[in-house]
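So for the sequence shown, this note's numbering puts the first residue at 10; every next one is plus one. Just so you know, even glycine gets a beta-carbon here, dropped at the ideal spot from N, CA and C.
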Amino acid sequence: LYLVMLAVFVAWIGVIFVWLLPIVLENPDTIDPMLTLIAGLGVGGISQFFILVLKDGWQFYFRKKPQGEQPSE
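Structure follows, in structure tokens:
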């Protein structure tokens with residue numbers, strides 16, 4: 010699951026660079042500032058969510074388990 014989330018996050022960053030960046034660089038004068046603000050907050054929010062999930066997943070996957078722990082029956 011962790012690798013799937015990592016792949017989705019990398020794909021998300023790729024979509025931003027392939028789709029959004031050329032639009033901004035093509036003609037920056039025609040971009041509405043309010044729309045840019047809303048889009049930036051959306052991209053930032055989604056990216057922050059992925060970073061949080063990946064960080065927590067990484068910590069859960071590599072958590073330290075107590076040495077003498079036995080499974081309960």
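If you draw a straight line from the alpha carbon of LEU50 to that of LEU44, how long is it in whole angstroms?
Stepping through the sequence shown from its first residue, residue 50 is reached at position 41. Stepping through the sequence shown from its first residue, residue 44 is reached at position 35. Using only the alpha carbons, I get a separation of about 10 angstroms.
By the three-class DSSP mapping on this structure, what secondary structure does ILE47 have?
Taking the first residue of the sequence shown as position 1, residue 47 is located at position 38. Note: ILE47 maps to helix in three-state DSSP.
Do ALA48 and LEU30 have their beta-carbon atoms positioned less than 9 angstroms apart in this structure?
Numbered from 1 along the sequence shown, position 21 holds the residue referred to as residue 30. Numbered from 1 along the sequence shown, position 39 holds the residue referred to as residue 48. Not closer than 9 angstroms, so no.
Output the boundary residues of the alpha helix (DSSP H) element that contains LEU29.
Here residue 29 corresponds to residue number 20 of the sequence shown, with the count starting at 1. Careful: LEU29 lies outside any alpha helix (DSSP H) and carries neither H nor E.
What residue from GLN68, THR39, GLN57, PHE71 has the CA that sits closest to VAL19's CA?
As a working note, residue 19 is residue 10 in the sequence shown. The candidate whose alpha carbon is nearest that of VAL19 is GLN57.
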